[in-house]
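The structure appears below as C-alpha cells.
In the numbering used here, the protein residues as written are 5 to 106.
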C-alpha cells in the first residue's frame, strides 16, 4: 500500500485527466492518489462519484500546518492538493482519513 503522488501543476488539459484516469485501477490494489494541481479539478468529481471513490480537495492555503509538514514542499504552481481513495478498502480509508485529520 502506498500513495501514488502526481504533480499535475505544470500540465495543461487533457494531460492531468489522462494521468489520473491511468492510475485509477490501482485504487483497487491498496493504493491511493495524492495530486497537486494548479486549479480545482472540478470535472474529475463526477467521474470519482460514479466510480464510488472518496476524495478531498484542499486549497493549498487551507492545509493545516501538520498536514503541510507531512506533505512537504508542494510544487510552486500547485494551488490544490487532492486525495483520492477507495472506501471499500478499510485499511487505506483509515490511513487517508488519518492523513486528513492532521
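Glycine included, C-beta positions come from ideal geometry on N, C-alpha and C.
These figures come from a predicted structure and were not determined experimentally.
Residues that DSSP places opposite residue i in a beta bridge
i: residue 60; result: 87
i: residue 36; result: 7
i: residue 41; result: 84
Terminal residues of the alpha helix (DSSP H) in which residue i lies
i: residue 51; result: 46-54
i: residue 66; result: Premise fails: residue 66 is in no alpha helix (DSSP H) and is neither H nor E.
i: residue 97; result: 94-104
Residue burial classification, residue i (beta-carbon count within 10 angstroms, cutoff 16)
i: residue 95; result: exposed
i: residue 20; result: buried
Decide yes or no for the touch test of the segment 65-79 against the segment 21-37: beta carbon pairs closer than 8 Å, at least 3 of them. In short, these stretches do not touch, since the Cβ pair count stays below three.
Whether or not the segment 37-44 and the segment 79-89 are in contact is what I'm after, with contact meaning three or more pairs of Cβ atoms, one per stretch, closer than 8 Å; do they touch? Contact holds: three or more Cβ-Cβ distances are below 8 Å.
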